[in-house]
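Participant: Protein chains in written order, with the numbering used here: chain V, 63 to 329; chain L, 3 to 232.
We put the CB at the ideal spot given by N, CA and C, even for glycine.
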C-alpha cells in the first residue's frame with residue numbers, strides 16, 4: 063500500500079479548505095480507503111473541530127517532528143470511521159515549528175500503511191503553505207466563485223507549478239446556482255476560463271455545511287444533501303473513477319433557458 | 003599650420019599625424035632646418051607620426067634611413083614619404099614606409115540592396131503568467147499564453163500577448179513613446195505606455211484583437227484590422 067498525498071490549498075482564507083479536507087477524508091473512508099488527515103495550520107488548527115475530534119488530542123504534529131512521541135501516538139482514530147485518522151496541528155506553536163522536509167518525512171512514514179494522506183494547508187503562501195505542499199503528489203485548489211478567491215487561486219496554481227507539483231486540480235466551492243442564474247455570481251466556466259486547470263468538482267452552497275461543521279459531523283457522512291454528494295463524487299474522482307458532474311440547475315434544459323431569455327434576472 | 007619663412011617647409015596636421023612638405027633647396031640644409039624646427043617645438047612634435055612630402059628631391063636609402071633615425075631619437079616616427087620621384091618612392095618602400103596618404107573615405111553613393119533585417123531583441127515566454135508573476139525585460143516581450151489579473155509585464159519595448167491580457171502591463175518603461183501593446187484579447191487591469199496610463203473600460207462586448215499605442219500623448223486602443231493601413 064502506498065498512500066497518495068493530497069494537499070488541499072487555496073491561497074485565500076475562508077473558502078472551505080478545512081471543510082473540503084474533512085469531507086474528502088470522510089468520503090474516502092466511507093469508500094473503504096485508509097485515510098489519514100494532517101492539519102497543516104499550526105497555530106490556528108481547526109480540522110480537529112470540523113471532524114469533531116478536538117477533545118481527544120493528546121499529541122500533535124509538532125510533538126512528532128520534535129520526537130516527543132511516535133507518529134502512531136499522535137494519530138487520532140475516528141470512532142465513526144475506523145479507517146480515518148487525524149494528526150492534529152499544535153495550537154501553541156507557529157508554522158516555523160515544522161519544516162517542509164519534516165512534512166516529507168512524516169508523510170513517507172505514513173505512506174506504507176495508508177491509501178490517502180490529506181493535508182489541510184493554511185491560507186497564505188508562506189511557510190505553512192510550503193510545508194503543506196512539500197510532500198504533495200496531488201494538489202487540490204479550492205476556490206469560491208468570487209473574484210478575490212479566484213485571483214488567489216491563480217497565484218497558488220502558479221506557485222504549485224513553480225514547485226513542480228504538477229497541474230493542480232480545482233474545486234469550486236459554495237457555488238450558488240440561483241445567483242449564477244441571475245448573473246450575480248461567476249459561473250464555473252468563468253472561473254475555469256481564467257484558471258485553465260482541470261476541474262475535479264463543484265460543491266453547491268448549502269447551509270447544512272455550516273450546521274454540520276459546527277457539530278463536528280462532516281456533511282459527507284450524511285447520505286442526503288447535494289453538498290455531501292458533491293464531496294463524495296470528488297472522492298470517487300480522486301480514486302480515478304469517472305463520475306459525471308451533478309446538474310446544479312434545477313430547471314435547466316430548453317424551457318429553463320427559454321424562461322431565462324424571456325425573464326432575464328427573474329426566477 | 004606652422005610656416006617658417008626662413009626655412010622652406012610647411013607643417014600641417016592631417017588625419018594620420020603631421021605632414022611636413024619640404025620645398026626647394028639643398029637636402030642637407032633642409033634636413034638641418036627641419037631638425038632645428040623640431041627641437042624648438044619638441045613638445046609639439048613629441049610622439050608624432052610624421053609623413054614627409056619631399057617633392058622633387060631625390061633621396062637615397064642612406065638619407066632617408068639617417069633621417070628616420072634622427073627623428074626617432076626625438077620620439078617621432080616617420081611612417082610615410084611622398085615623392086614625385088619614383089626612385090625616392092622605391093627607397094621609401096624598401097625602408098618599409100608608406101608612399102601614399104590614405105585619402106578620406108568617400109560617402110557611399112550606392113547603398114547595397116540589403117534585404118536581411120536584423121530586428122530588435124525580444125524575450126519569448128511560452129506559458130500563462132498567473133497572478134503574482136512578474137516579467138521585466140530591457141527589450142520587447144512576447145507572451146504566448148494568457149496574462150492573468152495580478153501578473154505584471156514591464157518592458158522597455160513593446161509587448162505582444164498571444165492570448166488574453168488581463169494583468170498589468172507597462173510598455174516603453176524608459177520613455178519609449180513608440181512602444182505598443184497588443185493582445186488577442188486586450189482587457190488589462192492597467193496599461194501604461196511610456197509615461198501614460200490607461201484603464202480598460204468596463205464591458206466592451208465581444209472581445210477582439212487590439213493594438214494599443216500612444217497617439218498625441220494619449221493611449222489609444224484600436225481593433226486590429228488587417229485591411230486598415232497603420
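Going by Cα to Cα distance, which pick from L/25, L/167, L/80 is closest to residue 187 of chain L?
Facilitator: If we check each option's Cα against that of residue 187 of chain L, L/167 comes out closest.
Participant: Report yes or no: is there a C-beta of chain L within less than 9 Å of the C-beta of residue 326 of chain V?
Facilitator: For residue 326 of chain V, the predicted structure reports a pLDDT of 49, less than 50, and the residue's modelled location is therefore unreliable. The matter cannot be settled from this model.
Participant: Under 9 Å, Cβ to Cβ, is there at least one residue of chain L near residue 220 of chain V?
Facilitator: It does: the Cβ of residue 220 of chain V has a partner Cβ on chain L nearer than 9 Å.
Participant: Starting from the beta carbon of residue 256 of chain V, find every residue of chain L whose beta carbon is closer than 7 Å, and list them in chain order.
Facilitator: Neighbours of residue 256 of chain V on chain L, chain order: 150.
Participant: Determine the burial state of residue 302 of chain V: buried for a count of at least 16 other Cβ atoms within 10 Å of its Cβ, exposed for fewer.
Facilitator: Under this definition residue 302 of chain V is an exposed residue.
Participant: When you compare each of V/137, V/264, V/294 to residue 175 of chain V by their alpha carbons, which one comes out closest?
Facilitator: Minimum Cα distance to residue 175 of chain V is reached at V/137.
Participant: Report the residues of the segment 252-280 of chain V with a CB closer than 9 Å to any CB of chain L, ordered along the chain.
Facilitator: Listed by position along the chain: 255, 256, 257, 258.
Participant: On a CA-only basis, which of V/296, V/78, V/70 is nearest residue 208 of chain V? Give me that one, please.
Facilitator: The residue with the shortest Cα to Cα distance from residue 208 of chain V is V/78.
Participant: Under 7 Å between beta-carbons, which chain V residues line up against residue 141 of chain L? List them in chain order, please.
Facilitator: Under the 7 Å cutoff, chain V gives no residues; its nearest Cβ is about 24 Å from residue 141 of chain L.
Participant: On the three-state DSSP scale, how would you describe residue 11 of chain L?
Facilitator: Of the three classes helix, strand and coil, the one that applies to residue 11 of chain L here is strand, per DSSP.
Participant: In chain L, what lies closer than 8 Å to residue 217 of chain V by C-beta?
Facilitator: Ordered by position in chain L, the residues that pass the 8 Å Cβ test against residue 217 of chain V are 132, 133, 134, 152.
Participant: May I have the straight-line CA-CA distance separating residue 37 of chain L from residue 92 of chain L, to the nearest angstrom?
Facilitator: The alpha-carbon atoms of residue 37 of chain L and residue 92 of chain L are separated by roughly 24 Å.
Participant: Going residue by residue through the segment 114-153 of chain V, where are the continuous beta strand (DSSP E) segments of at least 3 residues, counting only ones entirely within it?
Facilitator: The segment 114-153 of chain V contains these whole beta strand (DSSP E) runs: 146-149.
Participant: Within 10 angstroms of the Cβ of residue 328 of chain V, are there 16 or more other Cβ atoms? Answer buried if so, exposed if not.
Facilitator: Residue placement at residue 328 of chain V is poorly supported in this model, since its pLDDT is 41, which falls under 50; the coordinates still yield a value, given next. Per the 10 Å Cβ criterion, exposed.
Participant: Given that residue 213 of chain V touches chain L, what residues does it touch there, using C-beta distances under 7 Å?
Facilitator: What residue 213 of chain V touches in chain L: 133, 151, 152.
Participant: If contacts are defined as beta-carbon pairs under 8 Å, then residue 90 of chain L and residue 60 of chain L qualify, I think. What distance do you get, rounded to the angstrom?
Facilitator: At roughly 6 Å, the Cβ-Cβ gap stays under 8 Å, so residue 90 of chain L and residue 60 of chain L are in contact.
Participant: Mind checking residue 195 of chain L: buried by the 16 CB within 10 Å criterion, or exposed?
Facilitator: By the neighbour-count rule (16 or more Cβ atoms within 10 Å), residue 195 of chain L is buried.
Participant: Leaving aside the five residues before and after residue 268 of chain V along the sequence, list all residues of the same chain whose C-beta is less than 7 Å from its C-beta, in chain order.
Facilitator: Here the set comprises 287, 288, 289.
Participant: Quick check: what's the CA-CA separation for residue 142 of chain V versus residue 76 of chain V?
Facilitator: Near 26 Å, if we compare the C-alpha coordinates of residue 76 of chain V and residue 142 of chain V.
Participant: Let me know the alpha helix (DSSP H) ranges lying completely inside the segment 127-157 of chain L, each 4 residues or longer, listed in chain order.
Facilitator: Whole alpha helix (DSSP H) segments, 4+ residues: zero.
Participant: Please list the terminal residues of the continuous alpha helix (DSSP H) segment that includes residue 189 of chain L.
Facilitator: Here residue 189 of chain L belongs to no alpha helix (DSSP H), and DSSP marks it neither H nor E.
Participant: Is it a yes or a no for the segment 221-228 of chain V touching the segment 154-161 of chain L, going by three-plus beta-carbon pairs under 8 Å?
Facilitator: In short, these stretches do not touch, since the Cβ pair count stays below three.
Participant: Quick one: is residue 115 of chain L buried, meaning 16 or more other Cβ sit within 10 Å of its Cβ, or exposed?
Facilitator: Its Cβ having fewer than 16 others within 10 Å, residue 115 of chain L is exposed.
Participant: Keeping to the same chain, check which residues put their C-beta closer than 6 Å to that of residue 67 of chain V; ignore five residues upstream and five downstream.
Facilitator: Excluding sequence neighbours, residue 67 of chain V sits near 169, 179, 197, 198, 199.
Participant: What residue does the alpha helix (DSSP H) around residue 29 of chain L start on, and which one ends it?
Facilitator: That run of the alpha helix (DSSP H) goes 29-42.
Participant: Express the C-alpha separation of residue 102 of chain V and residue 155 of chain V in angstroms, rounding to a whole number.
Facilitator: Straight-line Cα distance between these residues: approximately 12 Å.
Participant: Along the chain, which unbroken stretches of the beta strand (DSSP E) at least 3 residues long are found entirely within the segment 60-111 of chain L?
Facilitator: 79-85, all fully within the segment 60-111 of chain L.
Participant: Of all the CB atoms in chain V, is at least one closer than 9 Å to the CB of residue 215 of chain L?
Facilitator: Closer than 9 Å: no.
Participant: Just how far apart, CA to CA, sit residue 151 of chain L and residue 192 of chain L?
Facilitator: Approximately 10 Å, taken between the alpha carbons.
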